[in-house]
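Below you'll find the structure, written out as structure tokens, and then a few comments.
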């Protein structure tokens, strides 16, 4: 099971790096889809088929929304794939560290909360589903945070927003356990909504200036002053 | 099960209204109105013990959920009709969608579901009006920056809230930790930080000062009719869920002592003071509306400084009643702007004298927003302020919280002055209402009457829209007097 989970983690890592570093938008969308489809599989036990299906369909829909939001033309990318891969790896180690620290603190009586060091956390496993989910969350956060906050609107920014939401879902799963049924539906809706927002922003960003001006003039009829 | 049907109808109606409205605006709005009527009927008829179990989680009907569904669906109906009158097309769909997620969030038994659902719904309420029709008068780059900022604020607040809820539910959080760990000083610090993070999420979502820039830019750009779903009711749902989480996870022991208490009060008082001041000095209706909503959210934030039962109950009353009064104020602003083709107060001298029904609606809104001693809204304001700051500081903040008297009276005085500016430029015929009905039955057939309805609606547009505002003002007044819904 551990080997499978590690394989799934590698898929998330790889998909995220491709999504934010590929110049070609189709390739970036495929990377995004890989990351979003693989991420829900980082769980032990797996969610029910219905819940898994909801998240996978939402992920594919989000990737499609991001892909169709802009004309297929090469986009300037940030630091390039080697740098993004390094960032994602660093983020993964940070995620693993957080997961290990949390598990150790939970095992230790009052550990980290002012009661001094407790017994050695012998039962903590780094390569558990929770640990790998935290690592994947760290990877996604590392590659998505900067373009999501500072990037200009475009397919890469939209992909970063979606990856950011996925990262939070993974982090939440890693530290607070599996999501309940209704929550999974809400997460799926949130992911699609964020992708739709990214898509709208991309469309506004790439729309020809004259279209925007015409739209503004038409709407201006009801906004005097 | 009826609760699930309410959510499904509101959600599907909202999506349907948005999609159809892109092709045929009128039909899209009609779909929204029909969905709102169905939601209203179902919300009234829902059995008190209605609940839905979905796996290990569920939706639980409370009187608050029912009340918000009723009030919001009535508001959506009126806003939809005003949308037709004002010529906009991006209000009904997002408002219904926001209603669906608010009901889901408030009825859900776990906060993860609530915040994720609110995040999804808020995005629609912010982006659809902004991208679809509003934010005019600014360059495309400014419009894009405003929308990007707005969507990031919503995503950011959702993420902050979910991360802090996840911490609370983790093995080292207050829910999962051992009682031994809970008593430690480290846990006290962690709880304080958790509370501050949640308040930060609330501040970001509701645009409290100093995180208000995105909210101010958004509100000055879109039609005021889009503001209730995005801010007044959207913020209400978010704060209510955050308060419920705070009561369960943090508790009043943490909130009332320490630096957290002072920081939360500082944030709230900044918004109360500067929100009221900004509403007083700004000349355009959109800013008056926007800063007044921001001030209301600031006052509700005071409940986080105590988290006791009285403060949370007062916040519930305050949030619902003030959201209803700001919905009426938003409708008034939209109608005034449409009728007089002007949005600056300096140009609206005598607006109330020209359209007395609109003036009456504003007077009721004034009463609902300010409240009178003894009414639920006024008492909630007093409880929130003195619960967080007893004595003289509380008295000072209460005076600051009563600045709506100033900025709303300024609007009223402008309306009662001699007509001037843009008001006199609008022909009286365009603002008239139907005259007295001639005695006896109308000689026209029903078919003729039906055929003439659209032209009559156009002819008496000002009168009908003012009636819509009056309806919203009456709803706000009832909530202001009667108080909480649950």
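Residue numbers (this note's numbering), protein chains in the order written: chain A, 1 to 225; chain B, 226 to 711. Beta carbons: idealized from backbone N, C-alpha and C, even for Gly. Every value quoted in this text rests on a predicted model; they were computed, and no experiment measured them.
My output table needs one value for residue i: the three-state DSSP class, helix, strand or coil.
{"i": "residue 397 of chain B", "result": "coil"}
{"i": "residue 521 of chain B", "result": "helix"}
{"i": "residue 635 of chain B", "result": "helix"}
{"i": "residue 235 of chain B", "result": "helix"}
{"i": "residue 652 of chain B", "result": "coil"}
{"i": "residue 371 of chain B", "result": "helix"}
{"i": "residue 383 of chain B", "result": "helix"}
{"i": "residue 152 of chain A", "result": "coil"}
{"i": "residue 475 of chain B", "result": "coil"}
{"i": "residue 437 of chain B", "result": "coil"}
{"i": "residue 502 of chain B", "result": "helix"}
{"i": "residue 354 of chain B", "result": "helix"}
{"i": "residue 117 of chain A", "result": "For residue 117 of chain A, the pLDDT reaches just 44, beneath the cut-off of 50, and the residue's location in the model is therefore unreliable, although a value from the coordinates is still provided. If DSSP states are grouped into helix, strand and coil, residue 117 of chain A belongs with coil."}
{"i": "residue 690 of chain B", "result": "helix"}
{"i": "residue 311 of chain B", "result": "helix"}
{"i": "residue 128 of chain A", "result": "coil"}
{"i": "residue 627 of chain B", "result": "coil"}
{"i": "residue 646 of chain B", "result": "coil"}
{"i": "residue 715 of chain B", "result": "This structure does not reach residue 715 of chain B, given that chain B is present from 226 up to 711, and the question cannot be answered."}
{"i": "residue 291 of chain B", "result": "helix"}
{"i": "residue 615 of chain B", "result": "coil"}
{"i": "residue 661 of chain B", "result": "The predicted position of residue 661 of chain B is uncertain, since its pLDDT is 49 and thus under 50; a value taken from the coordinates is nonetheless stated next. If DSSP states are grouped into helix, strand and coil, residue 661 of chain B belongs with coil."}
{"i": "residue 516 of chain B", "result": "helix"}
{"i": "residue 685 of chain B", "result": "coil"}
{"i": "residue 69 of chain A", "result": "coil"}
{"i": "residue 699 of chain B", "result": "helix"}
{"i": "residue 448 of chain B", "result": "coil"}
{"i": "residue 249 of chain B", "result": "coil"}
{"i": "residue 79 of chain A", "result": "coil"}
{"i": "residue 670 of chain B", "result": "coil"}
{"i": "residue 178 of chain A", "result": "coil"}
What residues are listed by DSSP as bridge partners for residue i?
{"i": "residue 284 of chain B", "result": "B/277 and B/333"}
{"i": "residue 508 of chain B", "result": "Paired residue(s): none; residue 508 of chain B is not in a bridge."}
{"i": "residue 569 of chain B", "result": "B/509"}
What residues of chain B sit near residue i, judged by a beta carbon separation below 9 Å?
{"i": "residue 161 of chain A", "result": "376, 377 and 380"}
{"i": "residue 102 of chain A", "result": "395, 396 and 397"}
Below 8 Å on C-beta distance, what does residue i contact in chain B?
{"i": "residue 85 of chain A", "result": "Under the 8 Å cutoff, chain B gives no residues; its nearest Cβ is about 24 Å from residue 85 of chain A."}
{"i": "residue 204 of chain A", "result": "356, 365, 368, 369 and 372"}
Which chain A residues sit within Cβ distance under 7 Å of residue i?
{"i": "residue 575 of chain B", "result": "Those within 7 Å of residue 575 of chain B in chain A number zero; the least Cβ separation is about 17 Å."}
So with CB distances below 8 Å, who are the chain A contacts of residue i?
{"i": "residue 388 of chain B", "result": "168, 171 and 172"}
{"i": "residue 557 of chain B", "result": "By Cβ distance, chain A contributes nothing, its closest Cβ being about 16 Å from residue 557 of chain B, past 8 Å."}
{"i": "residue 252 of chain B", "result": "Under the 8 Å cutoff, chain A gives no residues; its nearest Cβ is about 19 Å from residue 252 of chain B."}
{"i": "residue 281 of chain B", "result": "180 and 181"}
{"i": "residue 384 of chain B", "result": "164, 165 and 168"}
Anything in chain B within Cβ reach of residue i, meaning under 7 Å, just list it in chain order.
{"i": "residue 153 of chain A", "result": "369 and 373"}
{"i": "residue 200 of chain A", "result": "352 and 356"}
{"i": "residue 197 of chain A", "result": "348, 352 and 376"}
{"i": "residue 105 of chain A", "result": "397"}
Any beta-carbon of chain C closer than 8 Å to the one on residue i?
{"i": "residue 176 of chain A", "result": "The question asks about chain C, but that chain is absent: this structure's protein chains are A and B."}
Show which residues of chain A have a CB atom less than 9 Å away from the CB atom of residue i.
{"i": "residue 712 of chain B", "result": "No statement about residue 712 of chain B is possible, as the shown extent of chain B runs from 226 to 711 and does not include it."}
Q | Near-chain B residues of the stretch 179–193 of chain A - C-beta to any C-beta below 7 Å | A | The residues in question are 179, 180, 181, 182, 183, 186, 187, 189, 190 and 193.
Q: Starting from the N-terminal side, write out each stretch of the alpha helix (DSSP H) that is 4 residues or longer and does not extend beyond the stretch 11–59 of chain A.
A: Counting whole runs of 4 or more residues, the stretch 11–59 of chain A contains the alpha helix (DSSP H) stretches 25–38.
**Q.** Residues from the stretch 629–640 of chain B in contact with chain A, defined by Cβ distance under 9 Å
**A.** Under the 9 Å Cβ criterion, the stretch 629–640 of chain B contributes no residue.
Q) Looking at chain A, which residues of the stretch 325–354 of chain B have a Cβ within less than 7 Å of any of its Cβ atoms? A) Contact annotation: in the stretch 325–354 of chain B, residues whose CB is within less than 7 Å of a CB in chain A are 333, 335, 337, 338, 341, 342, 344, 345, 348, 349 and 352.
Q: Pick out the complete beta strand (DSSP E) segments inside the stretch 573–613 of chain B, 3 residues or longer, and give them in chain order.
A: Counting whole runs of 3 or more residues, the stretch 573–613 of chain B contains no beta strand (DSSP E) stretch at all.
Q. When Cβ atoms are compared, which residues of the stretch 227–246 of chain B fall closer than 7 Å to chain A?
A. Answer set for the stretch 227–246 of chain B: empty.
Q. Which residues, taken in chain order from the stretch 473–501 of chain B, show a beta carbon closer than 8 Å to some beta carbon of chain A?
A. Cβ contacts with chain A: none found.
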